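Here's the structure, in structure tokens; my notes come after.
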Amino acid sequence: MKKHVGGEYMNKSYKYDNCNFCGGRVSERRVQKACWWGEKLLAIVDNVPAGVCEQCGEKYYRAVILRQVENLIRNRKKLNKISVPLAEFVTR
């Protein structure tokens, strides 16, 4: 079964390899509050399809999905905006 994702098609039953970190099983899920940041922008995107390790929680994003996220961020005039506090970690 294919699902339309922003002009490209994603195979819902995509088979991920095992986790590179712990060897656990990776399955397709929707990630809430996925974060991307660049030199000038921090973006938080809801409901992003990703492979998620069932043991350690490591996330794997397919190239087709990353392209769609980049397009969302590039067209940021359509995005909702939130304010977040910024803290600095200081060692003593």
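For the sequence shown, my numbering assigns the number 176 to the initial residue and increments by one for each residue that follows. Heads up, the beta-carbon is just placed ideally off N, CA and C, and yes, glycines get one too. This structure is a prediction, so every number in the text was calculated from the model and none was measured.
Here DSSP, grouped into helix, strand and coil, assigns Ala-225 to strand.
Taking each of Cys-228, Arg-249, Gly-199 and Glu-233 in turn and checking the Cα distance to Ala-218, the smallest one comes out for Arg-249.
In this model, Gly-226 and Arg-267 are separated by some 39 angstroms (Cα to Cα). In the same chain as Val-220, and ignoring 5 residues on each side of it, the C-beta atoms closer than 6 angstroms to its own belong to Ala-209 and Val-244, in chain order. The residue from Tyr-235, Leu-216 and Asn-222 with its alpha-carbon nearest to that of Val-259 is Leu-216.
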